[in-house]
Amino acid sequence: NAGVTQTPKFRVLKTGQSMTLLCAQDMNHEYMYWYRQDPGMGLRLIHYSVGEGTTAKGEVPDGYNVSRLKKQNFLLGLESAAPSQTSVYFCASRRERGTDTQYFGPGTRLTVL
Amino acid sequence: ELKVEQNPLFLSMQEGKNYTIYCNYSTTSDRLYWYRQDPGKSLESLFVLLSNGAVKQEGRLMASLDTKARLSTLHITAAVHDLSATYFCAVDMWYIPTFGRGTSLIVHP
Numbered sequence: 092n093a094g095v096t097q098t099p100k101f102r103v104l105k106t107g108q109s110m111t112l113l114c115a116q117d118m119n120h121e122y123m124y125w126y127r128q129d130p131g132m133g134l135r136l137i138h139y140s141v142g143e144g145t146t147a148k149g150e151v152p153d154g155y156n157v158s159r160l161k162k163q164n165f166l167l168g169l170e171s172a173a174p175s176q177t178s179v180y181f182c183a184s185r186r187e188r189g190t191d192t193q194y195f196g197p198g199t200r201l202t203v204l
Numbered sequence: 006e007l008k009v010e011q012n013p014l015f016l017s018m019q020e021g022k023n024y025t026i027y028c029n030y031s032t033t034s035d036r037l038y039w040y041r042q043d044p045g046k047s048l049e050s051l052f053v054l055l056s057n058g059a060v061k062q063e064g065r066l067m068a069s070l071d072t073k074a075r076l077s078t079l080h081i082t083a084a085v086h087d088l089s090a091t092y093f094c095a096v097d098m099w100y101i102p103t104f105g106r107g108t109s110l111i112v113h114p
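As structure tokens, then:
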């Protein structure tokens with residue numbers, strides 16, 4: 092049981108390049124989330140999904156897109172990376188709303204030059 | 006809009022001392038979570054508090070929830086160096102958690 096995994100762990104992009112971050116969970120969780128963590132800012136929600144085929148915007152969605160074609164996977168895309176997107180990105184999942192904690196992936200450290 | 010405030014944001018303690026981290030939130034919720042993050046690592050769940058008056062304890066950490074005051078506390082008893090980490094509280098509105106900015110705790114010998 093791997094829990095929540097993220098690919099890649101590190102990435103360096105040039106401004107304007109695109110990339111996709113992959114989050115996978117093997118716990119059959121319904122809800123999945125993408126966060127970014129910047130120094131002193133806590134975690135800010137980018138997008139989330141409450142089930143296969145659904146996505147919704149969080150607090151800071153601009154510049155990102157997501158897809159959840161399969162229940163176990165949640166993809167985060169950057170179409171045209173900007174230096175302001177330099178951050179650590181965490182994916183999380185949870186079984187159902189409210190009564191269960193979130194389980195976090197190991198994070199992806201992204202640098203945009 | 007739900008706002009979650011933690012204080013202090015930075016805490017330097019001596020080993021053996023007690024201290025409390027506070028988590029205030031702005032709207033009604035009865036679901037609050039505490040997480041720990043070690044430097045360069047991911048977040049790990051510590052406590053899930055699901056009702057008014059809930060108290061959970063593990064080792065030297067004890068968390069409580071007062072939904073009427075919209076306040077949770079994380080109390081540290083006789084701190085040890087291994088507790089050095091950043092601690093986050095998160096509050097649920099439906100299925101969307103909002104995190105505090107975190108409390109960076111350093112425990113000195």
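Residue numbers (this note's numbering), protein chains in the order written: chain A, 92 to 204; chain B, 6 to 114. Ideal placement from N, C-alpha and C gives every residue a C-beta, glycine not left out.
| field | Proximity winner among A:Gln-163, A:Gly-131, A:Pro-99, A:Glu-187, relative to Asp-97 of chain B (alpha-carbon distances) | value | Taking only the C-alpha atoms, the option nearest Asp-97 of chain B is A:Glu-187.
| message | Which residues in chain D have a C-beta closer than 8 Å to the C-beta of Pro-197 of chain A? List them in chain order. | response | Although the question refers to chain D, the structure presented lacks it and instead comprises the protein chains A and B.
| field | Delimiting residues of the beta strand (DSSP E) encompassing Gly-44 of chain A | value | In the structure as shown, chain A begins at 92 and stops at 204. Residue 44 of chain A is therefore absent and cannot be evaluated.
| query | Any idea what DSSP makes of Asp-87 of chain B, helix, strand or coil? | reply | It is helical.
| message | Does the CB of Ile-101 of chain B have a neighbour CB from chain A at under 8 Å? | response | At least one CB atom of chain A sits nearer than 8 Å to the CB of Ile-101 of chain B.
| With distances taken from CA atoms, which of A:Lys-148, A:His-120, A:Arg-185, A:Leu-204 is nearest Leu-167 of chain A? | Relative to the Cα of Leu-167 of chain A, the nearest Cα in the group A:Lys-148, A:His-120, A:Arg-185, A:Leu-204 belongs to A:Lys-148.
| message | Residues of the segment 116-135 of chain A in Cβ contact with chain B at a cutoff of 7 Å, in chain order, please. | response | The segment 116-135 of chain A vs chain B, Cβ under 7 Å: Tyr-122, Gly-131, Met-132, Gly-133, Leu-134.
| query | Relative to the C-alpha of Pro-13 of chain B, which residue among B:Ala-83, B:Tyr-27, B:Asp-35, B:Ser-50 is closest? | reply | Residue B:Tyr-27 holds the alpha-carbon nearest to the alpha-carbon of Pro-13 of chain B among B:Ala-83, B:Tyr-27, B:Asp-35, B:Ser-50.
| request: Report buried or exposed for Thr-31 of chain B, applying the criterion of at least 16 other Cβ atoms within 10 angstroms of its Cβ. | output: Just to set this straight, residue 31 of chain B is Ser in the shown sequence, not Thr. Burial state of Ser-31 of chain B is exposed, judged by a 10 Å Cβ sphere holding fewer than 16 other Cβ atoms.
| said: Using the Cβ count rule (16 or more neighbours within 10 Å means buried), how would you classify Val-157 of chain A? | reply: Buried, because 16 or more other Cβ atoms sit within 10 Å of the Cβ of Val-157 of chain A.
| Residue span of the beta strand (DSSP E) that contains Trp-125 of chain A, given as start and end | It spans 122-128 - the beta strand (DSSP E) in which Trp-125 of chain A sits, taken as one unbroken run.
| field | 4 or more residues per run - each alpha helix (DSSP H) lying fully within the segment 34-111 of chain B | value | Within the segment 34-111 of chain B, there are no complete alpha helix (DSSP H) runs of at least 4 residues.
| request: Measuring only between beta-carbons, confirm whether Thr-177 of chain A sits less than 8 Å from chain B. | output: The beta-carbon of Thr-177 of chain A is placed no less than 8 Å from the nearest beta-carbon of chain B.
| Tell me which same chain residues have a C-beta within less than 7 Å of the C-beta of Glu-10 of chain B, skipping the five on either side of it? | The answer, listed in chain order, is Asn-29, Gly-105.
| Straight-line gap, Asn-57 of chain B to Val-203 of chain A (C-alpha atoms, nearest Å) | About 44 Å.
| query | Would a check of beta-carbon distances place Arg-106 of chain B closer than 8 Å to chain A? | reply | Closer than 8 Å: yes.
| field | Cβ contact (3+ pairs, closer than 8 Å) linking the segment 14-23 of chain B and the segment 75-83 of chain B | value | Yes, since at least three Cβ pairs between the segment 14-23 of chain B and the segment 75-83 of chain B fall closer than 8 Å, the two stretches touch.
| task | Please compile the residues from chain B whose C-beta is within a distance smaller than 7 Å of the C-beta of Thr-192 of chain A. | result | Residues of chain B with a Cβ closer than 7 Å to the Cβ of Thr-192 of chain A are, in chain order, Tyr-38, Ser-50, Val-53.
| task | If I'm right that Arg-159 of chain A touches Glu-143 of chain A with Cβ under 8 Å, what's the distance once you round it to whole angstroms? | result | The C-beta distance from Arg-159 of chain A to Glu-143 of chain A rounds to 6 Å, short enough to fall under 8 Å.
| What is the DSSP secondary structure of Ser-140 of chain A, reduced to helix, strand or coil? | DSSP places Ser-140 of chain A in strand when its eight states are reduced to three.
| Contact with chain B by Phe-181 of chain A, beta-carbon distance below 8 Å | Any Cβ of chain B closer than 8 Å to the Cβ of Phe-181 of chain A would place that residue at the interface, and such an atom is present.
| request: Use the C-beta contact count for Phe-15 of chain B: other C-beta atoms within 10 angstroms, 16 or more gives buried, fewer gives exposed. | output: Counting Cβ neighbours within 10 Å, Phe-15 of chain B comes out exposed, since fewer than 16 surround it.
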